[in-house]
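Okay, so the sequence shown: first residue is 1 according to the working numbering, each after it adds one.
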Amino acid sequence: MLDVLSKVKQAEEAAQQVLGDAQQKAAAIRADANRQGKAILDNAKTDAAKLSEQTISRAQQDAAVWLENSRTACENECRAMAQKSRDKLTAAANLIAERIVNTL
């Protein structure tokens, strides 16, 4: 009977040892998963920041090109309007001069 009790006690101790080992392995796996998850998250944040910087830079470049094109178009339109105004002013001055001459 003592032999049976001794074997039961040994089996319980072995089970406790297996349980303790399993808990340690589980804790190590959890810690490793947390480290890997943090590393993945950090990498994703870094990649997102780089992508954001690239997107902003590209948008700024596109905006600068659009602004330059708009400025050029406005300058051309202003020159054309100024030329039309000069032409109309010259025509008006000629008309006035012609009427004055015709009334004399």
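Glycine is no exception: its CB is placed at the ideal position from the N, C-alpha and C atoms.
Nothing here was measured: the structure is a model prediction, and the numbers come from that model.
Endpoints, alpha helix (DSSP H) assigned at residue i
i	result
residue 89	2-103
Cβ shell of residue i (< 6 Å), same chain only, five flanking positions each side left out
i	result
residue 98	none
residue 75	none
Same chain, Cβ closer than 7 Å to residue i, five either side skipped, listed in chain order
i	result
residue 8	none
Own chain partners of residue i with C-beta closer than 8 Å, once the 5 adjacent residues on each side are dropped
i	result
residue 40	none
residue 64	none
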